[in-house]
Amino acid sequence: MDYKDFGLVNTTNMFMDALARHYAVPAFNFYNMETLTAIINAAHDTHSPVILAVSESALKYMGDDLLRGMIWGLNLREHNGVALHLDHGSSFESCVHAIQIGFSSVMIDGSKLPFDANVDLARTVTEYAHKYDVTVEAELGVLSGVEDENTHSTTSNYTNPDDVVNFVNATNIDSLAIAIGTSHGAYKRKLADTELRFDILDRVAKQLPDFPLVLHGASSIPQNFIKTINEYGGKMSNAMGIAADQLRRAVQMNICKINVDSDSRLAFTAGVRETLAQNPASFNPRDYLTAGRQNIYNNCIDEIKNIMGSDGKLKQ
Numbered sequence: 000m001d002y003k004d005f006g007l008v009n010t011t012n013m014f015m016d017a018l019a020r021h022y023a024v025p026a027f028n029f030y031n032m033e034t035l036t037a038i039i040n041a042a043h044d045t046h047s048p049v050i051l052a053v054s055e056s057a058l059k060y061m062g063d064d065l066l067r068g069m070i071w072g073l074n075l076r077e078h079n080g081v082a083l084h085l086d087h088g089s090s091f092e093s094c095v096h097a098i099q100i101g102f103s104s105v106m107i108d109g110s111k112l113p114f115d116a117n118v119d120l121a122r123t124v125t126e127y128a129h130k131y132d133v134t135v136e137a138e139l140g141v142l143s144g145v146e147d148e149n150t151h152s153t154t155s156n157y158t159n160p161d162d163v164v165n166f167v168n169a170t171n172i173d174s175l176a177i178a179i180g181t182s183h184g185a186y187k188r189k190l191a192d193t194e195l196r197f198d199i200l201d202r203v204a205k206q207l208p209d210f211p212l213v214l215h216g217a218s219s220i221p222q223n224f225i226k227t228i229n230e231y232g233g234k235m236s237n238a239m240g241i242a243a244d245q246l247r248r249a250v251q252m253n254i255c256k257i258n259v260d261s262d263s264r265l266a267f268t269a270g271v272r273e274t275l276a277q278n279p280a281s282f283n284p285r286d287y288l289t290a291g292r293q294n295i296y297n298n299c300i301d302e303i304k305n306i307m308g309s310d311g312k313l314k315q
């Protein structure tokens, strides 16, 4: 099914505008109706473009038909500025499947492969995707941390700026995810003052002027959610994310897409834990699911305005 039938767009124009006006398009992961509607309502209310990100495991959890039903139910139009993106596609086949069911953008993650193999895989996906006007993201460098079975590594490997031009030219990809010190999961830093490798980002941006760059593993891990989770029975000591001021700095250096997953998970979990703890007799799922959804909505609003700078950027 063609993604245009859902009212979706690919990332080409949104990234061009983000680069020109120095903001980042938020890519929020979702897994069900509650997370999806929280994200789309936040984007709508802030007049922000948005990328709805779905990992392979989330797609498996929701199922093709239910996912497409939810996207169809949003009643989108092109002017809404919404892309549906496969996050961390692990193979050519997974990217083809996503394109065939209506995704407008795919990421092929060959970052753990040798350079030449990563090039070959990304080029093969891009050649297929571009036939359907679907945009492609690939990655150079490896992020540490664990988010799910598709994103896990015990080691990190920074992006080599000397490789990026050859990689982009050889693959014809539309955006490049780079590794400059972010990581997957809720435990991104051991020290609060740890800085991203802006020297690497600067070199990459100079090598690829006006080319869309992406940050994965860039959740800020809001401490109010960590506090709430721990207060109501959770055990998440020492969870720390990427400081908002560092993310804003990265946006001024050609980062035009920032992925957020862990923050939404924390927001949802905090809402559910607090609601059930404060209402121990409650057994209505709508009560605690509503609280979780509201938390995600509030957090998306905050990050759109105070990190991405994408509020009000949707072209009318």
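Residue numbers (numbering that gives the first Met the number 0): 0 to 315. Backbone N, C-alpha and C fix where the C-beta goes; we use that ideal spot for every residue, glycine too. All values reported here derive from a predicted model rather than from experimental measurement.
Would you list the one or two residues that DSSP bridges to residue i?
| i | result |
| --- | --- |
| I257 | P25, L214 |
| S47 | The partner list for S47 (beta bridge, DSSP) is empty, contrary to what the question assumes. |
| T134 | S104 |
| L175 | A137, L212 |
| S54 | D86 |
| N156 | V141 |
| V81 | V49 |
Taking the straight line between their C-alpha atoms, what separation do you get for residue i and residue j?
| i | j | result |
| --- | --- | --- |
| L265 | F224 | 6 Å |
| A116 | R20 | 35 Å |
| A176 | V118 | 14 Å |
| G68 | I295 | 21 Å |
| F5 | A82 | 10 Å |
| N159 | N278 | 52 Å |
| A238 | Y60 | 26 Å |
| K111 | I172 | 17 Å |
| V213 | L73 | 26 Å |
| I70 | N28 | 14 Å |
| S93 | A280 | 43 Å |
| I100 | F91 | 15 Å |
| T123 | H129 | 10 Å |
| Y2 | D209 | 26 Å |
| N165 | P211 | 15 Å |
| M307 | V53 | 20 Å |
| N258 | F282 | 33 Å |
| A243 | I179 | 15 Å |
| L120 | T11 | 21 Å |
| A204 | G311 | 25 Å |
| F114 | L51 | 29 Å |
| R202 | E138 | 16 Å |
| M13 | G80 | 8 Å |
| G270 | D161 | 45 Å |
| R292 | E33 | 5 Å |
| G109 | G233 | 35 Å |
| T125 | P284 | 42 Å |
| S89 | Y22 | 28 Å |
| G216 | T45 | 23 Å |
| L7 | Y131 | 13 Å |
| Y30 | T268 | 13 Å |
| K226 | S104 | 35 Å |
| R248 | L35 | 28 Å |
Answer with buried or exposed for residue i, where buried requires no fewer than 16 other C-beta atoms within 10 angstroms of its C-beta.
| i | result |
| --- | --- |
| N168 | exposed |
| N253 | buried |
| M0 | exposed |
| T386 | Outside the modelled stretch of the chain, which goes from 0 to 315, sits residue 386, for which no answer is possible. |
| Q245 | buried |
| S15 | One detail in the question is off: residue 15 reads as Met in this sequence, not Ser. Its Cβ having fewer than 16 others within 10 Å, M15 is exposed. |
| G62 | exposed |
| N9 | buried |
| V24 | buried |
| P221 | buried |
| S236 | exposed |
| L65 | exposed |
| A37 | buried |
Indicate whether residue i and residue j have their beta-carbon atoms separated by less than 7 Å.
| i | j | result |
| --- | --- | --- |
| H78 | M106 | no |
| Y157 | G140 | yes |
| N298 | D260 | no |
| E102 | L75 | First, the residue type needs correcting, since residue 102 is Phe and not Glu in the sequence shown. For F102 and L75, no; Cβs fall outside 7 Å. |
| I241 | T181 | yes |
| E230 | S174 | no |
| D309 | S47 | Residue identity differs from the one stated: residue 309 is Ser in this sequence, not Asp. The answer is yes: Cβ separation under 7 Å. |
| V317 | L207 | The question about residue 317 has no answer, for the chain in this structure spans 0 to 315. |
| A26 | K314 | no |
| V133 | I98 | yes |
contact_flag[the stretch 197-206, the stretch 266-280] where n(CB pairs < 8 Å) is 3 or more: no
Would the stretch 292-308 count as touching the stretch 29-49 if we require 3 or more Cβ pairs under 8 Å? yes
Can we say the stretch 282-294 touches the stretch 48-59, given the rule of at least three CB pairs closer than 8 Å? no
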